[in-house]
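Presented below is the structure to which this report refers.
Residue numbers (this note's numbering), protein chains in the order written: chain A, 1 to 131; chain B, 1 to 131; chain C, 1 to 131; chain D, 1 to 131; chain E, 1 to 131; chain F, 1 to 131.
Okay, structure coming up:
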């Protein structure tokens with residue numbers, strides 16, 4: 001963990017290197033960002049988290065860019081500094097333009113506003129919206 | 001507000017009716033959901049909120065479906081019951097399939113998980129991710 | 001706790017009754033709301049929480065109405081259903097009008113929106129705002 | 001946006017300058033804080049956000065100081081570093097004393113505590129608190 | 001998903017039944033709670049989520065009761081009604097007494113309070129606490 | 001408060017020193033961390049907060065290490081930088097190993113994920129989980 005420093009590739013045990021290799025191959029890059037180097041202190045968490053992220057972010061009914069925009073939206077809602085920085089970068093790599101970023105932020109802002117208005121006004125769910 | 005009941009079209013003053021008419025025309029529907037009927041107790045809030053939502057949700061660099069998916073993602077992150085119900089319905093109307101919904105939820109879940117891992121491990125932002 | 005039912009005055013042990021009596025005397029009412037009846041399963045929590053609330057909500061540099069408005073604002077931001085209902089009622093008793101409630105909600109909505117814009121855009125704190 | 005730097009007055013297009021001028025005139029200041037300079041990359045967001053803030057923060061049923069205290073309370077609840085710094089400064093300018101700030105924080109702290117107690121104990125809303 | 005109803009064992013496809021069987025075997029029960037029946041509309045999410053939960057909640061450096069208490073603490077902080085109800089039940093099954101529950105809630109309440117005091121007062125991290 | 005600097009022992013009035021002395025005696029240390037020095041600008045808040053923390057964190061049905069783990073879990077969920085740093089340090093002092101920390105983070109991550117899945121899928125509480 002960060003409080004213990006980061007696990008660099010050269011010092012990493014084999015099971016950690018295997019995950020790092022898979023991250024770089026999947027992303028087509030030659031470096032590992034700090035998030036994974038911090039998790040690597042607990043190899044089981046590193047492996048499980050990476051495999052879940054890889055599965056969830058793979059193209060499916062939604063394309064990779066849309067998934068990255070959703071990740072940015074959640075991270076901005078939670079105000080996670082690291083995650084905003086890293087996923088804004090990933091989203092740009094996946095094709096997010098400045099205009100798209102601005103529209104994501106505008107939706108995130110409005111949704112955070114109206115979520116509190118709906119809760120604060122104690123609005124009941126309309127019959128038509130019930131499952 | 002809900003604590004005062006909802007403002008129905010027939011009882012609404014002219015300035016509220018004008019907003020209701022614009023909501024229905026913009027959405028191509030003939031009804032108003034409870035959120036707006038609650039805000040209508042304060043016509044200035046009703047008008048400002050509606051005009052902001054209309055502007056933000058209009059097609060631009062992102063299409064309306066992507067914007068609705070983002071709204072669902074934020075509402076699920078904030079756990080706003082009314083907003084999850086109403087925006088899941090809007091997103092379906094805009095074309096969200098069951099498979100898309102499931103993928104939105106999967107990304108929302110992972111982002112909420114990794115946001116806390118990044119914060120809890122006190123991960124520093126990589127140089128490459130800095131603005 | 002609610003999962004064990006609520007502690008009613010008649011069944012309550014002496015240490016719980018003493019707190020209930022102080023709540024009713026401080027508020028000038030003859031009933032106890034469910035929040036306290038749930039906490040009463042753990043008398044130490046009941047006493048500590050009540051004494052803190054009584055101290056914090058007493059008139060000081062801010063008047064009781066302003067404090068209740070702040071309580072409503074926090075509860076709406078956190079989307080706590082029970083707290084929104086109970087503190088909206090307390091605020092009305094302390095003098096909150098419909099117009100005041102609507103303005104509190106408008107500020108809460110805008111603050112929740114701009115909080116995410118500031119975080120999402122990674123805005124640096126201006127020199128003039130630094131302590 | 002911050003990842004693109006900030007839009008300074010001298011470089012700003014006319015539509016951005018018009019908003020900056022209005023911000024400075026409304027606030028009686030001769031500078032623009034970073035939040036607006038970041039939003040200025042998307043002039044429609046800048047204009048909409050500023051006009052909403054100006055409308056919401058104008059004196060009405062609540063005075064400007066009370067509105068600033070509410071903004072600080074929401075920002076502290078959401079733990080938005082930028083917003084806490086900037087709105088603590090605005091609130092001081094509007095008349096917030098050290099004692100008022102301490103009481104706002106005390107209410108914010110208690111409300112955040114009791115919000116979780118009410119939710120964690122699954123307390124049902126009292127009949128008297130229902131709309 | 002709940003908006004589509006729940007997937008009952010008898011209607012479930014083989015891949016879903018396999019997960020349900022593993023849940024019941026791992027927990028030593030003969031029923032499946034609604035959370036898994038809702039996820040089952042997307043079998044990949046069901047399988048991934050269950051396998052992660054099973055791995056994370058298994059005994060390790062922390063015993064199962066401590067892990068359930070942590071789950072309750074997070075769910076109460078996030079104010080997730082379903083999760084509070086289901087994990088309070090799991091925690092009781094794992095040995096949580098009424099007194100333990102009350103102490104978990106007391107810590108959750110204080111932590112939520114002091115988190116906002118630390119943020120609101122803009123307290124700098126002490127040198128000794130830095131990694 | 002931090003915006004006014006920190007109240008050091010030597011400058012502190014008697015009522016603040018008394019609390020500082022109690023903090024150091026209770027913790028068996030000879031220093032005070034910044035959180036308390038910031039609160040000390042408002043002695044009533046300092047005293048009330050410290051007495052509540054001391055009462056809540058004392059050994060009871062749960063041991064001090066478990067309570068510190070819960071504090072870390074809440075702070076990571078809320079993403080409070082100061083609180084994560086200070087309570088990770090306290091938890092280590094109380095006996096938290098690297099493996100325990102990693103398991104706390106793993107539970108915190110999963111709980112934050114499944115909280116949103118349960119809310120987003122609008123899962124109804126099972127009869128068996130109702131109080």
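We treat Cβ as the ideally placed atom computed from N, Cα and C, and that holds for glycine.
Given the structure is predicted, the values throughout are model-derived calculations rather than measurements.
Can you pull the chain F residues whose beta carbon is under 8 Å from the beta carbon of residue i, in chain order?
i             : result
residue 155/B : Nothing about residue 155/B can be read from this structure; chain B reaches only from 1 to 131.
Looking at the unbroken alpha helix (DSSP H) that takes in residue i, where does it start and where does it end?
i             : result
residue 68/A  : 64-78
residue 35/E  : 34-39
residue 105/A : 98-120
residue 59/D  : First-last for residue 59/D: undefined, no H or E at that position.
residue 7/C   : Run containing residue 7/C: none; DSSP gives neither H nor E here.
residue 15/C  : 14-27
residue 84/C  : 81-93
Label residue i either buried or exposed according to how many other C-beta atoms from any shown protein chain fall within 10 Å of its C-beta, with 16 as the threshold for buried.
i            : result
residue 31/B : exposed
residue 15/F : exposed
residue 11/D : exposed
residue 48/C : buried
residue 38/F : buried
residue 5/A  : exposed
residue 77/B : buried
residue 58/F : exposed
residue 26/E : exposed
residue 68/E : buried
residue 81/E : buried
residue 88/C : buried
residue 97/A : exposed
residue 1/F  : Per-residue confidence for residue 1/F stands at a pLDDT of 40, beneath the threshold of 50, marking its modelled position as unreliable; the derived number appears in the next sentence. Counting Cβ neighbours within 10 Å, residue 1/F comes out buried, since at least 16 surround it.
residue 29/A : exposed
Below 7 Å on C-beta distance, what does residue i contact in chain B?
i             : result
residue 106/C : 45
residue 21/C  : The contacting residues do not exist; residue 21/C stays about 30 Å from chain B at best.
residue 73/A  : 70, 73, 74
Any chance the CB of residue i is under 7 Å from a heavy atom of the ligand PLP?
i            : result
residue 77/E : With respect to small molecules bound, the structure shown includes none, and the ligand PLP cannot be examined in it.
If the cut is a Cβ gap below 8 Å, which residues of chain B does residue i touch?
i            : result
residue 91/F : What residue 91/F touches in chain B: nothing, since even the nearest Cβ is about 12 Å away.
residue 30/A : By Cβ distance, chain B contributes nothing, its closest Cβ being about 12 Å from residue 30/A, past 8 Å.
Using the beta-carbon of each residue, which ones in chain D are nearer than 9 Å to residue i?
i            : result
residue 55/B : 44, 48
Can you confirm whether residue i, when its beta carbon is compared against all beta carbons of chain C, has any partner nearer than 8 Å?
i             : result
residue 102/E : yes
residue 131/B : yes
Below 7 Å on C-beta distance, what does residue i contact in chain E?
i             : result
residue 123/F : 2, 34, 35, 38, 82
Identify the contact partners of residue i in chain D, using a Cβ-Cβ distance below 8 Å as the criterion.
i            : result
residue 60/C : 99, 103
How would you list, in chain order, the residues of chain C whose beta-carbon sits under 7 Å from the beta-carbon of residue i?
i            : result
residue 11/E : Ordered by position in chain C, no residue passes the 7 Å Cβ test against residue 11/E, which lies about 32 Å from the chain.
Using a beta-carbon distance below 8 Å, is residue i in contact with chain B?
i           : result
residue 7/A : no
With 8 Å as the threshold, decide whether the Cβ of residue i is near any Cβ in chain F.
i             : result
residue 52/C  : yes
residue 120/B : yes
Compare the C-beta of residue i with all C-beta atoms of chain E and state if any pair is closer than 8 Å.
i            : result
residue 85/F : yes
Cβ closer than 8 Å: which chain E residues qualify as neighbours of residue i?
i            : result
residue 77/D : 116
Is the shortest distance between the beta-carbon of residue i and the beta-carbons of chain A less than 8 Å?
i             : result
residue 133/B : A query on residue 133/B cannot be resolved here, the shown segment of chain B reaching from 1 to 131 and no further.
residue 95/C  : no
Taking only beta-carbon positions, decide if residue i is within less than 8 Å of chain G.
i            : result
residue 67/C : In summary, chain G is missing from the structure at hand, where the protein chains are A, B, C, D, E and F.
Is the segment 106-120 of chain B touching the segment 71-89 of chain F in the sense that three or more CB pairs, one from each, lie closer than 8 Å?
yes
Contact between the segment 13-29 of chain D and the segment 106-115 of chain A (3+ Cβ pairs under 8 Å):
no
Three CB pairs or more closer than 8 Å across the segment 52-64 of chain C and the segment 43-58 of chain E
Contact fails between the segment 52-64 of chain C and the segment 43-58 of chain E, because fewer than three Cβ pairs, one in each stretch, are under 8 Å apart.
Touching or not, the segment 96-112 of chain F and the segment 99-107 of chain B, by the rule of three or more beta carbon pairs under 8 Å?
no
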